[in-house]
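S.K.: In the numbering used here, the protein residues as written are 5 to 221.
By construction, the Cβ of each residue, glycine as well, lies at the ideal position given by its N, Cα and C atoms.
Since the structure is predicted, the reported quantities are computational estimates derived from the model, not experimental observations.
One structure, as structure tokens, below. Some questions next.
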Amino acid sequence: MDTVSLAKRRYTTKAYDASRRIPQATVDALLEQLRHSPSSVNSQPWHFIVADTGEGKARLAKSTNEGFAYNTPKLLDASHVIVFCTRTEMTEAHLNAVLDQEAADGRFRDEQARAGQNQSRRHYVNLHRYDQKDVQHWMEKQTYLALGTALLGAAAHGLDATPIEGFDSKVLDAELGLRERGFTSVVILSLGYRSESDFNAGLNKSRLPASQVFTFL
Numbered sequence: 005m006d007t008v009s010l011a012k013r014r015y016t017t018k019a020y021d022a023s024r025r026i027p028q029a030t031v032d033a034l035l036e037q038l039r040h041s042p043s044s045v046n047s048q049p050w051h052f053i054v055a056d057t058g059e060g061k062a063r064l065a066k067s068t069n070e071g072f073a074y075n076t077p078k079l080l081d082a083s084h085v086i087v088f089c090t091r092t093e094m095t096e097a098h099l100n101a102v103l104d105q106e107a108a109d110g111r112f113r114d115e116q117a118r119a120g121q122n123q124s125r126r127h128y129v130n131l132h133r134y135d136q137k138d139v140q141h142w143m144e145k146q147t148y149l150a151l152g153t154a155l156l157g158a159a160a161h162g163l164d165a166t167p168i169e170g171f172d173s174k175v176l177d178a179e180l181g182l183r184e185r186g187f188t189s190v191v192i193l194s195l196g197y198r199s200e201s202d203f204n205a206g207l208n209k210s211r212l213p214a215s216q217v218f219t220f221l
């Protein structure tokens, strides 16, 4: 796979063809890739809400009614929309669930390895919880790693995509009951196929030159 070509072809879609839907097999593959996104110490502090019906997308669009109306069509006309949510706290139940899943998946050669993984993960959680006091920000950074995974995956499947931060997270959290479940919405990803009215599709992609971006030691 030529990942450079994928990166150059990918862009932020501004308008979607509401008549086109992503095949279910493609959706399933993308969600499985998303589930396997990387995270620091395999903390996986996220949850993903997938809307693929008009009713579901309309619920999400409520978060754009005030102040972000320009994003409403990107939610309503897209084939699928994913809400990327982050945990509001790193709970004991979540830490234990991750550890148990790692054991079930054969990640540990013995109990000593399991104990070492548990100690290492808790060390980093406590580092951000007590010392750096940025555990929420740290967890959100892991969620953005998942967003990057999804964006590259969408490009690989020939899909158009739009990462969206322009929405009212308080409205969306309330609509979906996220905070009661221990999550908060962080970013939204629209997925589908561009409309002919998408002006951004015909523009050249622009990035700073490599000489300004990279330093080699």
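Quick check on the DSSP output: the alpha helix (DSSP H) that includes Ala65 runs from which residue to which?
M.R.: 58-65
S.K.: Could you check the C-alpha separation between His132 and Ser201 for me, to the nearest Å?
M.R.: 45 Å
S.K.: Between the C-alpha atoms of Ser23 and Gly58, what's the straight-line distance to the nearest angstrom?
M.R.: 12 Å
S.K.: Quick one: grab the DSSP three-state call for Ala165.
M.R.: strand
S.K.: So is Glu144 buried or exposed if we call it buried at 16+ other beta carbons inside 10 Å?
M.R.: Under this definition Glu144 is a buried residue.
S.K.: Following the continuous beta strand (DSSP E) through Leu195, name the residue where it begins and the one where it ends.
M.R.: Counting along the chain, the beta strand (DSSP E) containing Leu195 begins and ends at 187-196.
S.K.: Across which residues does DSSP place Ala55 in a beta bridge pair?
M.R.: Val85
S.K.: Considering only residues of the stretch 117-179, which uninterrupted alpha helix (DSSP H) runs meet the minimum length of 4 residues and lie entirely inside it, listed in chain order?
M.R.: For the stretch 117-179, whole alpha helix (DSSP H) runs of length 4 or above, ordered along the chain, are 139-160.
S.K.: May I ask you to report which of helix, strand or coil DSSP gives Arg39?
M.R.: helix
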